[in-house]
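Participant: Below: one structure in structure tokens.
There are 2 protein chains.
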Amino acid sequence: MARPTRHGPALWIAGALRLLAEGGPEAVGIEALARRLGATKGSFYHHFDDRPALLAALLAHWETRAAMGVIDRVEAAGGSAADRLWALMETVAREGAASPEPAIRLWARTDPGARAALARIDRARLDYLEDLFAAMGARGPDVVTRTRLAYLALIGEHALGERPALADRLATARRIHALLTGPRDNPSDFLLTVYA
Amino acid sequence: MARPTRHGPALWIAGALRLLAEGGPEAVGIEALARRLGATKGSFYHHFDDRPALLAALLAHWETRAAMGVIDRVEAAGGSAADRLWALMETVAREGAASPEPAIRLWARTDPGARAALARIDRARLDYLEDLFAAMGARGPDVVTRTRLAYLALIGEHALGERPALADRLATARRIHALLTGPRDNPSDFLLTVYA
DNA sequence: ATCTTTACATACTCTATCGTATATAACGCC
DNA sequence: GGCGTTATATACGATAGAGTATGTAAAGAT
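Which chain is which? The protein sequence lines are A and B, in order. So the first sequence is residues 5 to 200, counted in the working numbering. So the second sequence is residues 5 to 200, counted in the working numbering.
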């Protein structure tokens with residue numbers, strides 16, 4: 005194993021992700037990051053061209069591993085569509101308030117690269133959720149409705165700072181899951197095959 | 005009316021709110037703000053002690069007017085509990101992606117003052133939503149469940165950047181409203197008096 | 001009308017941080 | 001065990017932005 009004093013780009017990106025999650029892209033400073041990692045600027049500029057290069061690598065890393073990886077893991081775990089939705093909700097509920105996603109959403113308001121990456125992620129996740137609800141038997145506009153509600157709730161979970169204890173969060177999330185997968189107020193046009 | 009070249013603190017706060025919404029607290033710079041307002045630093049330092057003073061005023065303004073004002077306006081408009089919930093959802097859906105709230109949520113991760121203000125706002129809005137759902141006939145843990153789901157969706161709406169056209173957003177929001185106020189999967193313990 | 005107060009502008013200092021230049025240390029290999 | 005390559009450290013400009021000092025302009029009072 006490599007000695008801990010030798011940093012690869014991965015360590016810089018991991019540290020930058022934490023800074024990003026806490027204070028947005030402005031908080032990702034080379035010197036602040038070096039201080040936190042116990043390294044120096046010189047090391048950084050050996051691995052990256054400049055600060056924009058770090059931010060670009062950060063974004064690419066988040067898009068492929070952090071964001072898409074969640075769907076991949078849920079998909080690999082298998083189970084019914086309702087199970088998969090629950091796995092998604094549970095992952096987010098457990099994640100705590102350390103997600104960099106709110107910072108990236110804010111970043112996307114001004115940075116075109118971040119906006120593009122985020123749009124791809126949103127599209128992929130919404131598509132995935134639509135498939136799940138369609139597999140559960142939802143039809144027509146109801147698919148979009150439930151997909152959007154579920155996704156808004158997942159995003160909101162990331163954004164919400166103060167949160168109750170994990171056990172309470174999970175219990176509430178479980179009931180939210182039931183509500184999202186349950187019948188609608190006009191049950192005649194939506195018969196759900198939950199837990200099929 | 006005062007001449008347009010004379011700025012009061014209110015104008016500085018309004019401009020700062022826009023910068024905050026776009027780029028977080030780090031983006032609220034005195035010089036950037038002065039440039040945008042067509043004023044100079046000298047004017048700023050006449051109205052505020054320093055940058056922290058501006059940020060504090062900004063936070064106080066958001067807490068009282070922007071955040072609580074929404075509930076007050078909805079409450080003043082009246083109507084049934086379901087009507088009021090819809091008024092809330094419609095307000096947020098119309099607001100576009102210019103809300104400073106995501107930036108404040110991110111800010112709250114590091115700044116104690118922002119965290120305290122946000123906690124008060126969250127508490128007040130959750131309490132208000134609980135009252136609404138209770139008035140609609142929800143009972144027991146279902147009140148908390150629906151409240152949390154509704155609030156997560158409202159927060160998510162703020163955070164989500166790319167959004168469909170207003171008409172589509174409103175149509176989907178209307179169906180989400182129906183879903184939130186509709187019966188649950190076990191209707192026996194929750195008979196809803198929607199649109200009462 | 002002048003005088004006081006309020007409001008705005010300009011010029012400067014100081015500090016932080018990016019980026020660079022350059023020096024030193026560890027590692028891989030033959 | 002020397003030697004190139006890779007990785008880390010330090011010292012230095014350059015720039016941007018916070019805060020200050022000080023000057024000027026507009027209102028209102030008497």
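Just so you know, even glycine gets a beta-carbon here, dropped at the ideal spot from N, CA and C. Since the model is a prediction, treat every value here as computed from it, not as a measurement.
Suppose contacts are defined by Cβ-Cβ distances below 7 angstroms. Is B/LEU110 in contact with A/ALA107 by that definition?
Facilitator: Their beta carbons are under 7 angstroms apart, which means B/LEU110 touches A/ALA107 by this criterion.
Participant: Contact defined as beta carbons within less than 8 angstroms: I believe A/THR185 pairs with A/MET140. What is the distance between those atoms, to the nearest angstrom?
Facilitator: With a Cβ gap of about 6 angstroms, A/THR185 and A/MET140 count as contacting.
Participant: When you compare only the Cα positions, how much space is there between A/ASP146 and A/LEU24?
Facilitator: About 36 angstroms.
Participant: Quick check: the Cα distance between B/ASP53 and B/HIS65, rounded to an integer number of angstroms?
Facilitator: The straight-line gap from Cα to Cα measures roughly 17 angstroms.
Participant: Could you pull the start and end residues of the alpha helix (DSSP H) that A/ASP135 belongs to?
Facilitator: Element bounds for A/ASP135: 116-139.
Participant: Helix, strand or coil for B/PRO56, going by three-state DSSP, please let me know.
Facilitator: Correct three-state label for B/PRO56: helix.
Participant: Excluding sequence positions up to five away, which residues of its chain have a Cβ less than 7 angstroms from the Cβ of A/ALA201?
Facilitator: For residue 201 of chain A there is no data in the structure shown, the boundaries of chain A being 5 and 200.
Participant: Answer with yes or no whether the minimum CB distance from B/ARG22 to chain A is below 7 angstroms.
Facilitator: It does not; no Cβ of chain A falls within 7 angstroms.
Participant: Go ahead and label A/HIS181 buried or exposed: buried means 16 or more other beta carbons lie within 10 angstroms of its beta carbon, across all protein chains shown.
Facilitator: Per the 10 Å Cβ criterion, buried.
Participant: If the cut is a Cβ gap below 9 angstroms, which residues of chain A does B/GLU94 touch?
Facilitator: Here the premise fails: no neighbours, minimum Cβ distance about 15 angstroms.
Participant: For B/GLY160, which of helix, strand or coil comes out of DSSP?
Facilitator: Of the three classes helix, strand and coil, the one that applies to B/GLY160 here is helix, per DSSP.
Participant: Please list the residues of the stretch 169-185 of chain B that have a C-beta atom closer than 7 angstroms to any C-beta atom in chain A, keeping them in chain order.
Facilitator: So the close ones are THR176, ARG179, ILE180, ALA182 and LEU183.
Participant: Can you find the residues in the same chain that come closer than 6 angstroms, C-beta to C-beta, to B/LEU92, ignoring five residues on each side of it along the sequence?
Facilitator: For B/LEU92, where only same-chain residues beyond five positions count, the Cβ hits under 6 angstroms are VAL78.
Participant: In terms of residue numbering, what span does the alpha helix (DSSP H) encompassing B/GLY46 cover?
Facilitator: It spans 45-51 - the alpha helix (DSSP H) in which B/GLY46 sits, taken as one unbroken run.
Participant: Is the separation between the beta-carbon of A/ALA4 and that of A/LEU136 shorter than 7 angstroms?
Facilitator: Any answer about residue 4 of chain A is impossible in this case: the structure gives chain A only from 5 up to 200.
Participant: Can you say whether B/GLU257 is buried or exposed, counting buried as having 16 or more other CB atoms within 10 angstroms of its CB?
Facilitator: Here chain B has residues from 5 to 200 only, and residue 257 of chain B is not among them.
Participant: Would you mind giving the Cβ-Cβ distance between B/GLY121 and B/GLU67, rounded to the nearest angstrom? I have them listed as a contact below 8 angstroms.
Facilitator: Correcting the residue type first, residue 121 of chain B is Ala in the shown sequence and not Gly. The pair is a contact, with the Cβ atoms about 5 angstroms apart (cut-off 8 angstroms).
Participant: For a contact defined as C-beta to C-beta under 8 angstroms, what are the partners of B/GLU67 on chain A?
Facilitator: Per Cβ cutoff of 8 angstroms: no residues; B/GLU67 is ~15 angstroms from chain A at best.
Participant: Reducing DSSP to helix, strand and coil, say where A/GLU30 ends up.
Facilitator: If DSSP states are grouped into helix, strand and coil, A/GLU30 belongs with the helices.
Participant: Can you find a C-beta in chain A that's less than 7 angstroms from the C-beta of B/GLY141?
Facilitator: With 7 angstroms as the cut-off, B/GLY141 does not count as an interface residue toward chain A.
Participant: Give me the residue from B/SER47, B/PRO116 and B/GLY83 with the minimum Cα distance to B/GLY12.
Facilitator: Taking only the C-alpha atoms, the option nearest B/GLY12 is B/SER47.
Participant: Determine whether the beta carbon atoms of A/ARG173 and B/THR149 lie at a separation below 7 angstroms.
Facilitator: Against a cut-off of 7 angstroms, the Cβ pair of B/THR149 and A/ARG173 comes out as no contact.
Participant: Within a Cβ cutoff of 6 angstroms, which residues of the same chain sit near B/LEU89, ignoring the five residues on either side of it in sequence?
Facilitator: Correct list, in chain order: LEU136.
Participant: Give me, in chain order, the residues of the same chain whose beta-carbon lies closer than 7 angstroms to that of A/TYR155; leave out the 5 immediate sequence neighbours on both sides.
Facilitator: ARG129, LEU130 and LEU133.
Participant: Would you mind stating whether A/ILE125 and A/ALA71 have Cβ atoms separated by less than 7 angstroms?
Facilitator: Yes; because the gap between Cβ atoms is below 7 angstroms, this pair is in contact.
Participant: Report the residues of the stretch 22-39 of chain A with a CB closer than 8 angstroms to any CB of chain B, ordered along the chain.
Facilitator: Those residues of the stretch 22-39 of chain A that come within reach of chain B (Cβ to Cβ, closer than 8 angstroms) are ALA25, GLU26, GLY27, GLY28, GLU30 and ALA31.
Participant: Interface residues of chain A around B/ASP126 at Cβ under 7 angstroms?
Facilitator: Ordered by position in chain A, the residues that pass the 7 angstroms Cβ test against B/ASP126 are GLU166.
Participant: If we count the other Cβ atoms within 10 Å of its Cβ and call it buried at 16 or more, is A/THR44 buried or exposed?
Facilitator: The residue is exposed, with fewer than 16 neighbouring Cβ atoms inside 10 Å.
Participant: Closest by CA to B/ASP115, which one among A/ALA14, A/ARG22, A/LEU15 and A/GLY27?
Facilitator: Among A/ALA14, A/ARG22, A/LEU15 and A/GLY27, the Cα nearest to that of B/ASP115 belongs to A/GLY27.
Participant: Buried or exposed: where does B/GLU105 fall if 16 or more other Cβ atoms within 10 Å of its Cβ makes it buried?
Facilitator: Label assigned to B/GLU105: buried.
Participant: Under 7 angstroms, do B/ALA163 and A/ALA163 count as touching if we go by C-beta distance?
Facilitator: It is a contact, given that the beta carbons lie within the stated cut-off.
Participant: Can you give me the start and stop residues for the alpha helix (DSSP H) that B/PRO106 sits inside?
Facilitator: Looking at the DSSP string, the run of the alpha helix (DSSP H) that includes B/PRO106 is 105-111.
Participant: Would you please verify whether the beta carbon of A/ARG129 is less than 7 angstroms from any beta carbon of chain B?
Facilitator: With 7 angstroms as the cut-off, A/ARG129 does not count as an interface residue toward chain B.
Participant: When you check each C-beta in the stretch 150-162 of chain B against every C-beta of chain A, which residues fall closer than 8 angstroms?
Facilitator: Of all residues in the stretch 150-162 of chain B, ARG150, ARG152, LEU153, TYR155, LEU156, ALA157, LEU158, ILE159, GLY160, GLU161 and HIS162 have a Cβ within less than 8 angstroms of some Cβ in chain A.
Participant: Looking at the structure shown, is B/ALA71 part of a helix, part of a strand, or coil, going by DSSP?
Facilitator: In the structure shown, B/ALA71 sits in a helix (DSSP, three-state: H, G or I).
Participant: When you compare the CB of B/LEU59 with every CB in chain A, is at least one pair closer than 7 angstroms?
Facilitator: Taking Cβ atoms only, chain A never reaches closer than 7 angstroms to B/LEU59, which makes this a no.
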